[in-house]
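**Q** Below is one structure. I have some questions about it.
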Amino acid sequence: MNMSKIASRAFPAFAIGFALYYAPAYSFTGANSTFTWPLFTYFPAVDQWNWGLVPGNDTIGPPMWWYGWIASAALVGLVCAAISLLLPERATEKLWATMVWVVPIVMFLFLWNWERVWFSL
Amino acid sequence: MITFLLVLHGIFSVFLLGAVTHHALGVFWPRKPGQNDFVARARGLNPMGYVQAIIILYVIEFTLGAILYPTYRVLARPPLQDLQLTYVIGLFEVKENFAAIVLAMLPAYWYFWKKAPEYKTTRAAITGIIFVVVWYNMIAGHLVNNARGLL
Chain A
1 MNMSKIASRA FPAFAIGFAL YYAPAYSFTG ANSTFTWPLF TYFPAVDQWN
51 WGLVPGNDTI GPPMWWYGWI ASAALVGLVC AAISLLLPER ATEKLWATMV
101 WVVPIVMFLF LWNWERVWFS L
Chain B
1 MITFLLVLHG IFSVFLLGAV THHALGVFWP RKPGQNDFVA RARGLNPMGY
51 VQAIIILYVI EFTLGAILYP TYRVLARPPL QDLQLTYVIG LFEVKENFAA
101 IVLAMLPAYW YFWKKAPEYK TTRAAITGII FVVVWYNMIA GHLVNNARGL
151 L
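Those sequence lines, one after another, are chains A and B.
Numbering-wise, our numbering puts 32 at position 32 of the first sequence, and it's gapless, one number per residue.
Numbering-wise, our numbering puts 44 at position 44 of the second sequence, and it's gapless, one number per residue.
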């Protein structure tokens, strides 16, 4: 299998998997989340890294989950890319070429709708 | 150091903005034969020539933003919360999320442009997404910085 044949499915699948995980990860992460959406948490005030979802407090300061969401979403993207290589190339060619831009737009709209709360407080 | 990186972030954002704007003009409003005015010359380019530059500039911009983010989280955001300037925080939240999703689209962006002239719709759509996100992020970043800088 040459590089072009891998890229035709793996690259779009990576983008799709990443977006499909990232948007709900951002939206549904909270201090009381039952699912650990970010792979790790960073506490910039004390320069401390913790695995998984860790809420902040007055001692360690505010948490940053953004790096952790990106890492988790990248892993999901890689899994999607690997799965895409198991699917027939010709039958899924148009699907990847369409989903690679439709899915991010849907996720942008999902995020925008979720984040409207910031503009209405 | 943070101020230097923030200025660098701003400078590279101008480069990126210029590249994506030229690219988008070349895709959506290409120059026609005989058009030689200033605007037409800005549109008259080979879009493929911009793809690698956009990818490199985007990765640099994203990396600089990721380095600056902790300082924003610790120094800039708490005062915004205290002042109840939630729309400024919202502008930044949208920016960080859009930036991450576009970062993951860059390999596909490169691939579909490499396959030109195939996948015309896909190439145009991804180019349009990157154009909108880069412009939004540039404007939102400026507004956030104007509301509360990193120092």
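Glycine is no exception: its CB is placed at the ideal position from the N, C-alpha and C atoms.
Pull up the distance between the alpha-carbon of A:ALA45 and that of A:GLY61, whole angstroms please.
**A** If you take the alpha carbons of A:ALA45 and A:GLY61, they lie about 6 Å apart.
**Q** Could you list which residues in chain A have their beta carbon closer than 7 Å to that of B:PHE98, in chain order?
**A** Within 7 Å Cβ-Cβ: PHE108.
**Q** Establish whether the CB of A:SER33 and some CB of chain B are separated by less than 8 Å.
**A** Not closer than 8 Å to any Cβ of chain B, the Cβ of A:SER33 fails to qualify, so no.
**Q** Between B:MET105 and chain A, is any beta-carbon pair separated by less than 8 Å?
**A** Cβ-Cβ to chain A under 8 Å: yes for B:MET105.
**Q** Compare the beta carbon distance of B:LEU64 and B:HIS9 with 8 Å and say whether it is the shorter of the two.
**A** The answer is yes: Cβ separation under 8 Å.
**Q** Would you call the stretch 69-78 of chain A and the stretch 93-108 of chain A in contact, with 3 or more CB pairs under 8 Å?
**A** At 8 Å Cβ cutoff, the stretches do not touch.
**Q** Let me confirm a value: B:GLU118 is counted as buried when at least 16 other C-beta atoms fall within 10 Å, else exposed. Which label applies?
**A** Per the 10 Å Cβ criterion, exposed.
**Q** Considering Cα atoms alone, identify which of A:MET3, A:GLY17, A:SER4 is closest to A:ILE83.
**A** Checking every option, the nearest Cα to that of A:ILE83 belongs to A:GLY17.
**Q** Three Cβ pairs or more, each shorter than 8 Å: is that satisfied between the stretch 31-38 of chain A and the stretch 114-133 of chain B?
**A** With the cut-off at 8 Å, the stretch 31-38 of chain A and the stretch 114-133 of chain B do not touch.
**Q** Could you compute how far the alpha carbon of B:TYR136 sits from the alpha carbon of A:GLU93?
**A** Using only the alpha carbons, I get a separation of about 31 Å.
**Q** Indicate whether at least one CB of chain A lies closer than 8 Å to the CB of B:GLY65.
**A** No, no contact with chain A.
**Q** For A:TRP101, count the other beta carbons within 10 Å of its own beta carbon; 16 or more makes it buried, fewer makes it exposed. Which is it?
**A** Buried, because 16 or more other Cβ atoms sit within 10 Å of the Cβ of A:TRP101.
**Q** Rounded to whole angstroms, what is the Cα-Cα separation between B:ARG31 and A:LEU78?
**A** The alpha-carbon atoms of B:ARG31 and A:LEU78 are separated by roughly 39 Å.
**Q** For the stretch 2-14 of chain A and the stretch 49-61 of chain A, state whether three or more C-beta atom pairs, one from each stretch, are separated by less than 8 Å.
**A** Output reads no: the stretch 49-61 of chain A does not touch the stretch 2-14 of chain A.
**Q** Output yes if chain A places a C-beta closer than 8 Å to the C-beta of B:THR86; else output no.
**A** Interface residue, yes.
**Q** With DSSP as the reference, label A:GLN48 as helix, strand or coil.
**A** A:GLN48: strand per DSSP, three-state reduction.
**Q** With DSSP collapsed to three states, give me the class of A:MET64.
**A** Looking at A:MET64 - three-state DSSP - the assignment turns out to be strand.
**Q** Does B:GLY90 have its Cβ less than 8 Å from a Cβ in chain A?
**A** Chain A contact via Cβ: present.
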